[in-house]
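> One structure coming up, written as structure tokens, with questions to follow.
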């Protein structure tokens, strides 16, 4: 037995964000192995449609699936039925998690809580703008380190300078 690859991404990501999964599918099409072994059904995906499609692809290629956590072997009819049922529950669990997150965000908004990062202090933003307006200024990372902020913050603040038709905006 040899391990072709190890999938470490969550099953919640779409197939376009799972290059290792795509490699697994390509290798399966080339019949480089005869069984796919995974830790759990939720490592393969949480959409029933994707899971059933993946299982269909494997079976069309005469490749079996073994899921360790569930002790599932799709070489049997009972194993195939269990796989589909587990897919339904994985999809249900994901939907429940999403619903709880949305409800929590709505509750926080209703309570007037601020969501996201705290805004940058205006005085600090002014100092960063001054540093950005300095001729021969250092790079974004140096300025970020100097003021103890993320380089993305400095980059965001610098955008008006880059897009201004005059080439720079006066520091207020």
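Numbering (the working numbering), first residue to last: 192 to 363. Note that beta-carbon positions come from the ideal geometry of N, C-alpha and C, so glycine has one too. This structure is a prediction, so every number in the text was calculated from the model and none was measured.
#1: Would you say the region 210–227 touches the region 251–264, given that touching needs at least three Cβ pairs under 8 Å?
#2: Against chain C, with Cβ distances strictly below 8 Å, would residue 334 count as a contact?
#3: Hey, would you say residue 275 sits closer than 8 Å to residue 231, going by beta carbons?
#4: Can you name, in chain order, every residue of its own chain whose Cβ lies under 6 Å from the Cβ of residue 239, other than the five neighbours on each side?
#5: Checking 8 Å against the spacing of the C-beta atoms, do residue 229 and residue 249 come in under that value?
#6: If you count every other CB in all the chains shown that lies within 10 Å of the CB of residue 233, and 16 or more means buried, which is it?
#7: Helix, strand or coil for residue 256 per DSSP?
#8: Report the three-state DSSP secondary structure of residue 200 (helix, strand or coil).
#9: Strictly by DSSP, which residues pair up with residue 345?
#10: Relative to the C-alpha of residue 321, which candidate in 337, 306, 209 has its C-alpha closest?
#11: With residue 235 and residue 265 assumed to form a contact (beta carbons below 8 Å), what rounded beta-carbon distance in angstroms separates them?
#12: Need the endpoints of the alpha helix (DSSP H) that residue 226 sits in, please.
#13: Between which two residues does the alpha helix (DSSP H) holding residue 261 run?
#14: With residue 311 as the anchor, note down where its alpha helix (DSSP H) starts and where it stops.
#15: Please check the pair residue 349 and residue 333, which I expect to be a contact at CB under 8 Å, by giving their CB distance rounded to whole angstroms.
A quick look at the data gives this:
#1: yes
#2: Looking for chain C here will not work: only one protein chain is present.
#3: no
#4: 278, 279, 282
#5: no
#6: buried
#7: strand
#8: Per-residue confidence for residue 200 stands at a pLDDT of 49, beneath the threshold of 50, marking its modelled position as unreliable; the derived number appears in the next sentence. Note: residue 200 maps to coil in three-state DSSP.
#9: Partner(s): none; residue 345 has no beta bridge.
#10: 337
#11: Actually they do not touch by this definition, with Cβ atoms about 12 Å apart.
#12: Premise fails: residue 226 lies in the beta strand (DSSP E), 226–229, not in any alpha helix (DSSP H).
#13: Taken as a continuous stretch (DSSP letters only), residue 261 belongs to no alpha helix (DSSP H), as it is neither H nor E.
#14: Here residue 311 belongs to no alpha helix (DSSP H), and DSSP marks it neither H nor E.
#15: No, residue 349 and residue 333 are not in contact; Cβ-Cβ is about 13 Å, not under 8 Å.
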